[in-house]
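Chemist: Protein chains in written order, with the numbering used here: chain R, 2 to 234; chain E, 2 to 234. Beta carbons: idealized from backbone N, C-alpha and C, even for Gly.
Protein chains: 2
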Amino acid sequence: MSETKNDLTGRNEADEVSKEVTDKYSLRGRVFNRIREDILSGKYAENEELKEVSIGNELGVSRTPVREALRQLELEGLVNIIPNKGAYVHGISQKDIHDIYVIRSYLEGLAARWACERITDEEIEALEENVYIANFHIGKKHYETIVELDSQFHETIYKASGSKILEHQLSTYHHYVERIRKISLGREERAKKANEEHAAILEAIKSRNGDLAEKLAHEHIISTIANLNKQGL
Amino acid sequence: MSETKNDLTGRNEADEVSKEVTDKYSLRGRVFNRIREDILSGKYAENEELKEVSIGNELGVSRTPVREALRQLELEGLVNIIPNKGAYVHGISQKDIHDIYVIRSYLEGLAARWACERITDEEIEALEENVYIANFHIGKKHYETIVELDSQFHETIYKASGSKILEHQLSTYHHYVERIRKISLGREERAKKANEEHAAILEAIKSRNGDLAEKLAHEHIISTIANLNKQGL
DNA sequence: ATGTGCATTATTGTATACAATGATACTTGC
DNA sequence: GCAAGTATCATTGTATACAATAATGCACAT
Numbered sequence: 002m003s004e005t006k007n008d009l010t011g012r013n014e015a016d017e018v019s020k021e022v023t024d025k026y027s028l029r030g031r032v033f034n035r036i037r038e039d040i041l042s043g044k045y046a047e048n049e050e051l052k053e054v055s056i057g058n059e060l061g062v063s064r065t066p067v068r069e070a071l072r073q074l075e076l077e078g079l080v081n082i083i084p085n086k087g088a089y090v091h092g093i094s095q096k097d098i099h100d101i102y103v104i105r106s107y108l109e110g111l112a113a114r115w116a117c118e119r120i121t122d123e124e125i126e127a128l129e130e131n132v133y134i135a136n137f138h139i140g141k142k143h144y145e146t147i148v149e150l151d152s153q154f155h156e157t158i159y160k161a162s163g164s165k166i167l168e169h170q171l172s173t174y175h176h177y178v179e180r181i182r183k184i185s186l187g188r189e190e191r192a193k194k195a196n197e198e199h200a201a202i203l204e205a206i207k208s209r210n211g212d213l214a215e216k217l218a219h220e221h222i223i224s225t226i227a228n229l230n231k232q233g234l
Numbered sequence: 002m003s004e005t006k007n008d009l010t011g012r013n014e015a016d017e018v019s020k021e022v023t024d025k026y027s028l029r030g031r032v033f034n035r036i037r038e039d040i041l042s043g044k045y046a047e048n049e050e051l052k053e054v055s056i057g058n059e060l061g062v063s064r065t066p067v068r069e070a071l072r073q074l075e076l077e078g079l080v081n082i083i084p085n086k087g088a089y090v091h092g093i094s095q096k097d098i099h100d101i102y103v104i105r106s107y108l109e110g111l112a113a114r115w116a117c118e119r120i121t122d123e124e125i126e127a128l129e130e131n132v133y134i135a136n137f138h139i140g141k142k143h144y145e146t147i148v149e150l151d152s153q154f155h156e157t158i159y160k161a162s163g164s165k166i167l168e169h170q171l172s173t174y175h176h177y178v179e180r181i182r183k184i185s186l187g188r189e190e191r192a193k194k195a196n197e198e199h200a201a202i203l204e205a206i207k208s209r210n211g212d213l214a215e216k217l218a219h220e221h222i223i224s225t226i227a228n229l230n231k232q233g234l
């Protein structure tokens with residue numbers, strides 16, 4: 002059956018974004034990323050059974066890396082494993098995405114607050130550069146780059162928060178909604194507004210105003226939610 | 002070398018609390034819980050290397066379940082895996098615990114807010130019973146039970162929030178700080194105050210006052226942090 | 001004495017083999 | 001015909017075998 006396979010022996014599309022925990026250059030890591038993307042992108046149907054051998058064949062690897070990947074995905078909540086029975090897709094629903102945004106609105110606020118106390122000069126410069134360059138690409142409608150810069154802006158703040166725990170959690174959520182973010186930032190109007198909000202957050206952080214930074218970062222996500230609703234998501 | 006082993010063939014101590022994602026009755030699940038407890042309880046030193054065969058021998062299982070468990074722990078952030086090199090303990094520091102409490106203070110607030118909208122009558126009853134019974138056991142100084150009831154109270158609210166995502170996250174954090182919670186609730190004064198706060202949160206939820214419920218739940222955790230500081234943690 | 005190169009060992013990465021469990025379908029008795 | 005029991009198959013769970021990589025230590029040259 003498994004003919005039109007995409008072999009994972011080389012280093013292919015799974016390489017893109019993902020500044021992830023899981024390494025990309027082991028079979029397991031690549032299988033993990035691959036299945037995750039496939040679940041997040043909706044390639045698998047909800048509750049679809051993920052059989053170890055099938056996926057293994059499809060990806061040209063044995064059961065072992067697939068098993069390990071599935072076990073990890075279980076922990077991420079993207080896969081539901083029933084012992085001795087099988088692994089089932091447990092994708093994220095519209096409601097889940099909405100929940101994630103609301104949760105993020107709080108945690109991004111906290112990250113910005115903490116960043117006020119612990120951010121380094123280099124990180125501030127990185128953020129300034131980010132906002133400046135993003136402004137350029139928004140004018141040019143380079144949407145791929147805009148999304149990437151948006152990611153970097155947020156990730157930098159996560160790091161600047163000085164909390165491994167918070168950084169890890171926000172990164173995970175950020176990646177969960179990546180598909181949505183691409184759509185959201187695909188509108189010039191939203192991209193522009195988002196960047197202005199970034200600039201405001203940055204100013205608050207630079208002036209070490211924790212209350213304001215938290216409020217602005219929180220509202221930045223709320224504003225994103227509003228935009229998504231407007232786009233019917 | 003591995004003589005004083007504790008075999009995982011039977012169902013032993015790993016059974017206790019953990020309403021976890023990972024199932025408890027597969028070798029992998031038990032190995033996972035076991036290593037996790039050992040890391041959280043500080044049995045392993047920070048950065049200690051976790052060798053698959055050693056752990057396997059110690060627990061009387063082969064490398065396979067150990068590997069899978071380690072991969073999952075990596076995702077939970079308790080283990081740091083360097084490809085082709087090894088798995089290293091990445092326990093949670095005092096600061097991590099503090100961070101978790103602050104993060105929880107926000108998310109518990111959100112959970113309480115959402116619970117106002119979605120809680121069922123059965124869940125309300127469960128909470129009422131919980132507060133009532135806890136009051137009894139606090140009088141009797143049954144600290145084991147008190148901790149268990151505290152867990153149940155919070156878990157019930159997580160469920161009542163109606164958000165799988167939030168529930169999952171809060172459960173994980175809740176478990177992370179279990180050791181600390183045991184210490185905290187070990188003081189009658191704190192146990193009593195905590196239960197009063199639970200009662201207040203419950204009342205707010207019953208009256209469907211989202212703002213108040215969020216505020217109280219938030220302050221409940223802040224109050225816990227204050228107590229921990231008082232205990233020098 | 002010290003540093004480089006190679007052989008050896010230890011350890012992880014992957015694949016496969018075997019065991020156990022659950023699903024399916026067929027047979028048999030009524 | 002139909003239900004219960006059973007045999008067969010599919011699939012997961014665990015163990016082991018083999019491959020690849022990194023660590024270690026020793027020999028040898030300088």
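#1: So if DSSP puts LEU186 (chain E) in a beta bridge, which residue, or which two residues, is it bridged to?
#2: I'd like to know if ASP100 (chain E) contacts chain R, where contact means its C-beta is closer than 8 Å to some C-beta of that chain.
#3: Return the first residue and the last residue of the beta strand (DSSP E) that GLY87 (chain R) is part of.
#4: Please state the DSSP three-state secondary structure of VAL148 (chain E).
#5: Taking all protein chains shown into account, decide if GLY43 (chain R) is buried (16 or more other Cβ within 10 angstroms of its Cβ) or exposed.
#6: Using only alpha-carbon positions, find the residue among E:LYS165, E:ALA218, E:ASN210 and E:GLN170 that is nearest to ILE93 (chain R).
#7: Tell me the start and end of each unbroken alpha helix (DSSP H) in the region 113-178 of chain E that is at least 4 residues and wholly inside, in chain order.
#8: Looking at chain E, is there any beta carbon in it that lies within less than 8 Å of the beta carbon of HIS169 (chain R)?
#9: Please state whether DSSP places ILE83 (chain E) in a helix, a strand or coil.
#10: Taking the alpha-carbon of PRO66 (chain E) as reference, which of E:GLU53, E:ILE223 and E:LYS141 has the nearest alpha-carbon?
#11: How should GLY30 (chain R) be labelled, buried or exposed, when 16 other C-beta atoms within 10 angstroms of its C-beta is the threshold for buried?
#12: At the level of alpha carbons, what is the spacing between TYR173 (chain E) and GLU75 (chain R)?
#13: Starting from LEU51 (chain E), follow its DSSP beta bridges and name the residues at the other end.
#14: Count the C-beta pairs between the region 75-85 of chain E and the region 192-205 of chain E that are closer than 8 Å, then say yes if the count reaches three, no if not.
#15: Over the uninterrupted alpha helix (DSSP H) stretch that includes ASN228 (chain E), give me the two end residues.
#16: With DSSP as the reference, label LEU108 (chain E) as helix, strand or coil.
#17: Please classify GLU145 (chain R) as buried or exposed, where buried requires at least 16 other C-beta atoms within 10 Å of its C-beta.
#18: For the 8 Å Cβ check, are there 3 or more pairs between the region 118-130 of chain R and the region 215-229 of chain R?
#19: For ALA195 (chain E), name the three-state secondary structure that DSSP assigns.
#20: So is PRO84 (chain R) in contact with chain E if we call contact Cβ pairs under 8 Å?
#21: What whole-angstrom Cβ distance do VAL148 (chain E) and ARG180 (chain E) have, given they're in contact under 8 Å?
#22: Mind checking if LEU28 (chain R) is an interface residue toward chain E, Cβ cutoff 8 Å exclusive?
#23: Measuring alpha carbon to alpha carbon, tell me which residue in E:ALA218, E:ALA161, E:TYR177 and E:GLY140 is nearest GLY187 (chain E).
#24: I'd like the span of the alpha helix (DSSP H) that includes LEU41 (chain R), first residue to last.
#25: Based on Cα-Cα distance, which residue from R:ILE56, R:GLU47 and R:HIS176 lies nearest to SER152 (chain R)?
#26: Determine the direct distance from the alpha carbon of ASN58 (chain R) to that of ARG64 (chain R), and round the result to whole angstroms.
#27: What's the C-alpha gap between GLU109 (chain E) and VAL178 (chain E)?
#28: Which residues in chain E sit within 9 Å of VAL103 (chain R), going by Cβ to Cβ distance?
#29: Would the beta-carbon of LEU167 (chain E) be found less than 7 Å away from any heavy atom of the ligand GDP?
#30: Whose C-beta lies closer than 6 Å to the C-beta of GLU215 (chain E) among residues of the same chain, with five residues either side of it excluded?
#31: In terms of alpha-carbon separation, which member of R:ASN196, R:SER224, R:ILE202 and R:LEU217 lies closest to TYR133 (chain R)?
#32: If you drop the 5 nearest sequence neighbours on each side, which residues of the same chain put their C-beta closer than 6 Å to that of LEU217 (chain E)?
#33: Closest Cβ-Cβ distance between ASP97 (chain E) and chain R: below 8 Å?
#34: Spell out whether any CB of chain E is found under 8 Å from the CB atom of THR213 (chain R).
Modeler: Concretely, from the data shown:
#1: Looking up residue 186 (chain E) in the second sequence gives position 185. Under DSSP, LEU186 (chain E) forms no beta bridge with any residue.
#2: Here residue 100 (chain E) is taken as the residue at index 99 of the second sequence, counted from 1. Cβ-Cβ to chain R under 8 Å: yes for ASP100 (chain E).
#3: Mapped onto the first sequence, residue 87 (chain R) falls at position 86. That run of the beta strand (DSSP E) goes 87-90.
#4: Along the second sequence, one-based indexing puts residue 148 (chain E) at 147. The three-state reading of DSSP puts VAL148 (chain E) in helix, counting H, G and I together.
#5: Mapped onto the first sequence, residue 43 (chain R) falls at position 42. It is exposed - the Cβ of GLY43 (chain R) has fewer than 16 other Cβ atoms within 10 Å.
#6: By 1-based counting over the first sequence, the position of residue 93 (chain R) is 92. Considering only alpha carbons, the answer is E:LYS165.
#7: Listed in chain order, the complete alpha helix (DSSP H) runs (minimum 4 residues) inside the region 113-178 of chain E are 122-141, 144-161 and 165-177.
#8: Stepping through the first sequence from its first residue, residue 169 (chain R) is reached at position 168. Chain E contact via Cβ: present.
#9: Indexing the second sequence from 1 puts residue 83 (chain E) at position 82. Strand at ILE83 (chain E).
#10: Taking the second sequence and counting its residues from 1, the one referred to as residue 66 (chain E) is at position 65. Restricting attention to E:GLU53, E:ILE223 and E:LYS141, the CA atom closest to the CA of PRO66 (chain E) is found in E:GLU53.
#11: Counting from one through the first sequence, the residue named residue 30 (chain R) turns up at place 29. Flag for GLY30 (chain R) reads buried.
#12: Numbered from 1 along the second sequence, position 172 holds the residue referred to as residue 173 (chain E). Numbered from 1 along the first sequence, position 74 holds the residue referred to as residue 75 (chain R). The question names Tyr, but residue 173 (chain E) in the sequence shown is Thr. A straight line joining the alpha-carbon of THR173 (chain E) with that of GLU75 (chain R) spans about 14 Å.
#13: Counting from 1 along the second sequence, the entry for residue 51 (chain E) is found at position 50. Partner(s): E:ALA88.
#14: No, because fewer than three Cβ pairs between the region 75-85 of chain E and the region 192-205 of chain E fall closer than 8 Å, the two stretches do not touch.
#15: Position 227 of the second sequence, counted from the first residue, corresponds to residue 228 (chain E). 211-231 is the extent of the alpha helix (DSSP H) around ASN228 (chain E).
#16: Along the second sequence, one-based indexing puts residue 108 (chain E) at 107. If DSSP states are grouped into helix, strand and coil, LEU108 (chain E) belongs with the helices.
#17: Taking the first sequence and counting its residues from 1, the one referred to as residue 145 (chain R) is at position 144. Exposed.
#18: With a cut-off of 8 Å, the region 215-229 of chain R and the region 118-130 of chain R do not count as touching, because too few Cβ pairs lie within range.
#19: Position 194 of the second sequence, counted from the first residue, corresponds to residue 195 (chain E). If DSSP states are grouped into helix, strand and coil, ALA195 (chain E) belongs with the helices.
#20: For this step, residue 84 (chain R) is matched to residue 83 along the first sequence. The C-beta of PRO84 (chain R) comes closer than 8 Å to at least one C-beta of chain E.
#21: Here the question's residue 148 (chain E) lines up with position 147 in the second sequence. Here the question's residue 180 (chain E) lines up with position 179 in the second sequence. The Cβ separation is near 10 Å, so there is no contact.
#22: As a first step, residue 28 (chain R) is located in the first sequence; it is residue number 27 there, counting from the start. For LEU28 (chain R), the answer is no, since every Cβ of chain E falls outside 8 Å of its Cβ.
#23: The residue you call residue 187 (chain E) lines up with position 186 of the second sequence. Closest option to GLY187 (chain E), Cα to Cα, is E:GLY140.
#24: Residue mapping note: residue 41 (chain R) aligns to position 40 of the first sequence, counting from 1. Per DSSP, the continuous alpha helix (DSSP H) segment holding LEU41 (chain R) begins and ends at 28-41.
#25: For this step, residue 152 (chain R) is matched to residue 151 along the first sequence. When only C-alpha atoms are compared, the closest one is R:HIS176.
#26: For the purposes of this step, residue 64 (chain R) is taken as the residue at position 63 of the first sequence. For the purposes of this step, residue 58 (chain R) is taken as the residue at position 57 of the first sequence. The straight-line gap from Cα to Cα measures roughly 9 Å.
#27: Counted from its first residue, the second sequence places residue 109 (chain E) at position 108. Counted from its first residue, the second sequence places residue 178 (chain E) at position 177. GLU109 (chain E) and VAL178 (chain E): Cα-Cα distance of roughly 14 Å.
#28: Counting from one through the first sequence, the residue named residue 103 (chain R) turns up at place 102. Result: LEU111, TRP115, SER164 and LEU167.
#29: Looking for the ligand GDP in the displayed structure turns up nothing, as the structure carries no ligands at all.
#30: Your numbering for residue 215 (chain E) matches position 214 in the second sequence. Hits under 6 Å: GLY110, ALA113 and ARG114.
#31: In the first sequence, counting from the first residue as 1, residue 133 (chain R) sits at position 132. When each option's Cα is compared against that of TYR133 (chain R), the closest is R:ASN196.
#32: Residue mapping note: residue 217 (chain E) aligns to position 216 of the second sequence, counting from 1. Within the same chain, LEU217 (chain E) has close Cβ partners ALA201, ILE202 and ALA205.
#33: Taking the first residue of the second sequence as position 1, residue 97 (chain E) is located at position 96. Taking Cβ atoms only, chain R reaches closer than 8 Å to ASP97 (chain E), which makes this a yes.
#34: As a first step, residue 213 (chain R) must be located in the first sequence, where it is residue number 212. For the sequence presented, residue 213 (chain R) should be read as Leu rather than Thr. Chain E contact via Cβ: absent.
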